[in-house]
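Visitor: Numbering (the numbering used here), first residue to last: -1 to 118. Quick one: this structure, given as structure tokens, is what I'll be asking you about.
Here it is in structure tokens:
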């Protein structure tokens, strides 16, 4: 499968490594050039340097061709906006990392599914 990871920090790096070991094609997006370099130097993956919530960067990462987009940054709001942008660009399935329980509560005004998120 083709998978785009947004956020190449510790979580993103280890998720990418595990997915590559399972035979998946990975493109990792991160705004930090050192994190992008770590991905390409240590893993068989493509990197795209830039803001993962930017439609231009997501298009460059080819989210519209991805089977899955995983939004794994440390910032919930970036993950939600990245998910929404990926959804608008035609991503098939979107998984977002949300650390703040408020976004998962039934009574929350902000609902991940409104951002195109399939799984939190």
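Cβ atoms here follow ideal geometry from the backbone N, Cα and C, with glycine treated the same way. Values in this document were obtained by computation on a predicted structure and should not be read as measured data.
Between 51, 4, 21, which lies nearest to residue 79 when the distance is taken from Cα to Cα?
Guide: Of the listed residues, the one whose Cα sits closest to residue 79 is 51.
Visitor: Could you work out which residue in 14, 32, 53, 19 is closest to residue 26 when comparing CA atoms only?
Guide: That would be 14, whose Cα lies nearest to the Cα of residue 26.
Visitor: Which value, in whole angstroms, describes the spacing of the CA atoms of residue -1 and residue 23?
Guide: If I take the Cα positions, the gap works out to 6 Å.
Visitor: Would residue 93 count as contacting chain C if we go by Cβ distances under 8 Å?
Guide: Judged by its chain identifiers, the structure shown contains no chain C, having just a single protein chain.
Visitor: Among residues of its own chain, excluding the 5 on either side of residue 49, which ones have a beta-carbon nearer than 7 Å to its beta-carbon?
Guide: Counting only Cβ-Cβ distances below 7 Å, and skipping sequence neighbours, we find 29, 55.
Visitor: Could you tell me whether the Cβ atoms of residue 70 and residue 17 are closer together than 8 Å?
Guide: Not a contact, by the Cβ cut-off of 8 Å.
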